[in-house]
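What follows is one structure encoded as structure tokens, with my remarks underneath.
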Amino acid sequence: MVSSIVTPLDRPNVDTDQIVPKQFLKLVQRTGFGKFLFHDWRFDQNNTPKKEFVLNDSKYTGSHILVSGDNFGCGSSREHAAWAIKDYGFDVVIAPSFADIFYNNCFKNGILPISLPKEIVNDLMKTDSVVHVDLASQTIQYNSKSIHFDIDGSRKKTLLEGLDDIAITLQHENKITSFEKNHVL
Amino acid sequence: MNITEKILARASGKSSVAPDDIIFANVDKAMIHDVSGPGVIKVFEKLQKQGISTDRLWNSSKVWVAEDHFVPSAEKISAENIVKLTKFTKQYGIEKHFKYGMGQYGICHTLSHEEAMVLPGEVYVGGDSHTNTTGALGAFACGLGHTDVAYVLLNGRIWFKIPETLYFKLNGKLPDHMMAKDLILKIIGDIGTEGAAYYAMQFGGSGISEMSVESRLTLCNMTTEAGAKNGIIEPDQKIFDYLSQRGATKYTPVYGDADAEYAKVYEYEASELEPTIAKPYSPENIATVRDIAGVELDKSYIGSCTGAKYEDLEAAAKILKGRQVKIRTEVLPAAISIYKRAMENGLIKIFLDAGVTVGPPTCGACCGAHMGVLAKDEICISTTNRNFPGRMGHVESQTYLASPLVAAASAVTGKITDPRDL
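Residue numbers (our numbering), protein chains in the order written: chain U, 1 to 185; chain S, 1001 to 1422.
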């Protein structure tokens, strides 16, 4: 369960070049990328925060839920984009739609991407209330509204149990080993 | 079943698959480069901490490595990443590591076809979103994130949801002033940057049969910009000849069935198409070149996996021969093999005579990393694939995406120019 106010990033096609600009791609530690999140939108040339950018509005400090427009995460496949979002403190990203590779990368990095109809996303962007996202029951609650969201069962398990695909496969190691023993070519 | 479905059915040992089925496919080839490679190494380190063995790869002979994004190294972190990548390939016995400064090297997606690394009917994944490019050879090719690539390197398999297919039919041969780039920009403009999200984009029709292999690669390359899972074209004799010239003859091509199904069919008449350009800041933001002709430029960039294959250089040279550029212009052949052919056939001399700077193969300024990035307010025409804010440099620079013909014609006038109006 994640409960926080939402950070509205009201634009479509937020691409991974914006999420983490290229100058940080050569860094490969998985932590510490939060400071580069939306870097060129957040900071000017002197590295001073740009007042007008939503992440620099103190109102949203401590928010764990990012809400944005269509096709979030399009562009380059850089997994750094997911690292930065997670490291900054976002656990949930809500948008009408996501780009495929980014969507997959989220689950490998403990981020829940939720795709919802545009009207609901627009409504979420406007709310100042605390929003509760419960993965177990697949519901979002705010302002006495309750919204169901869809998620693939195996991905839900991935996030709830903190596993990645490799760990999930290894849960079946005994079965895999016995299969391999009985199917020698 | 169509070609994408048939390749994935075969790779997962099933007699048939349908859209939305989840399958576990055996991978034939996997690629990492100097951005995704160090990312994969990090994932391996995390797995080791969890007690998971990363002692050997599933099959080192099926993995290959490119140095492209940050070569030549502009500073020490990039240099260290190359060292890290080199250690990795040594440790795991990966022989196909195309190293900067050691013969053939270049942009990963260009090597995939220049070196016949990927063959018809295969499943190919890479740690880069433009991995879609190589589907033009009749393979299933798609990009993955670092964790997924790490999983493939260890297990040789990965799951996919079978995508539905959008079929794009081109009737008739593109006229001489047009290139595949114009067509794919037009398509992205029509369907939008998420118009093919999780679809396969398949190209066919008489216009595609007429197209060269390299033109087909340009089409599949930019399926990524429409959000596609993969881009694909059924292979024909041109593909087989192209591959046999590169020493590859053993493979089993796959074709769709006569009753193959497509989610939607789009038809284009070659004779009705116009040279097309994508304005800042999205590949879907298209216009005809004539509609916006005259926009003043600071730079013309002819490079990248999208726009610096041999025929791209040939097209640029056709325009630049005997002319002078009016703005800063760079040509960066996408691989050493292409550079060499361009030199042997006199293209490099044409470029140098025209005042162009010719650079080494690199992703360089295409991704705004180094080697000619843009300053604030600078405007560039580019043969690359993305023009998001800051993609090629400063967040307030602007990039127009166009074909090599248009980029070269615009270099000559210093303004956006249709090659017919030169």
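No residue lacks a Cβ here, since even glycine has one placed at the ideal position from N, Cα and C.
When S:A1365, S:I1348 and S:C1363 are compared, the shortest CA-CA separation from S:T1357 is found for S:I1348. Residue-level contact check: U:K108 touches chain S, since one or more beta carbons of chain S fall below 8 Å from its beta carbon. Among the residues facing chain S, U:L112 is not included, as its CB has no counterpart in that chain under 8 Å away. Collapsing the DSSP output to three states places U:D44 in coil.
Listed along chain S is no residue with a C-beta nearer than 9 Å to that of U:A95; the closest approach is about 11 Å. Look at U:N122 here: in three-state DSSP terms it is helix. Chain U has a Cβ within less than 8 Å of the Cβ of S:H1146. Under the three-state reduction of DSSP output, S:T1384 falls in the coil class, being neither helix nor strand. Taken in chain order, the complete beta strand (DSSP E) segments of 3 residues or longer contained in the region 1291-1357 of chain S are 1299-1302 and 1328-1331. Close partners of U:E173 in chain S (Cβ separation under 7 Å) are lacking, with about 10 Å as the shortest Cβ gap.
Counting other Cβ atoms within 10 Å of its Cβ, U:K59 stays below 16 and is therefore classed as exposed.
Within the DSSP bridge table, the entry for S:M1031 names S:W1064 and S:G1126 as partners. In the displayed model, S:W1159 falls within a strand according to three-state DSSP. Proximity of chain S to U:D100 at the Cβ level (cut-off 8 Å) is accounted for by A1197, Y1198, G1227 and K1229, in chain order. Collapsing the DSSP output to three states places S:K1096 in a strand. Between the C-alpha atoms of S:F1088 and S:Y1124 there is a straight-line separation of about 20 Å. For the region 65-77 of chain U, residues whose beta-carbon sits nearer than 7 Å to a beta-carbon of chain S comprise D70, N71, C74, G75, S76 and S77. Its Cα nearest to that of U:L116, the residue U:I151 stands out among U:I151, U:N104 and U:F102. Under the three-state reduction of DSSP, S:E1274 is assigned to coil, being neither helix nor strand. A distance below 6 Å between beta-carbons, with the five flanking residues on each side excluded, links S:G1231 to the following residues of its chain, in chain order: N1132, G1135, M1201, C1220 and T1223.
Contact annotation: S:I1107 and S:D1068 have beta-carbon atoms nearer than 8 Å. S:L1154 is positioned such that its CB atom lies closer than 8 Å to that of S:L1057. Rounded to whole angstroms, the gap between the alpha carbons of S:D1128 and U:S77 is 6 Å. Every alpha helix (DSSP H) stretch that sits fully inside the region 1362-1421 of chain S and reaches 4 residues is listed by chain position as 1404-1413. If you draw a straight line from the Cα of S:K1049 to the Cα of U:G162, it is about 15 Å long. Within the same chain, Cβ atoms closer than 8 Å to the Cβ of S:T1413 are found at K1326 and L1422, the five residues on either side in sequence being excluded. The Cβ atoms of S:G1256 and S:I1003 sit closer than 8 Å to each other. Closer than 8 Å to the CB of U:L27 there is at least one CB belonging to chain S.
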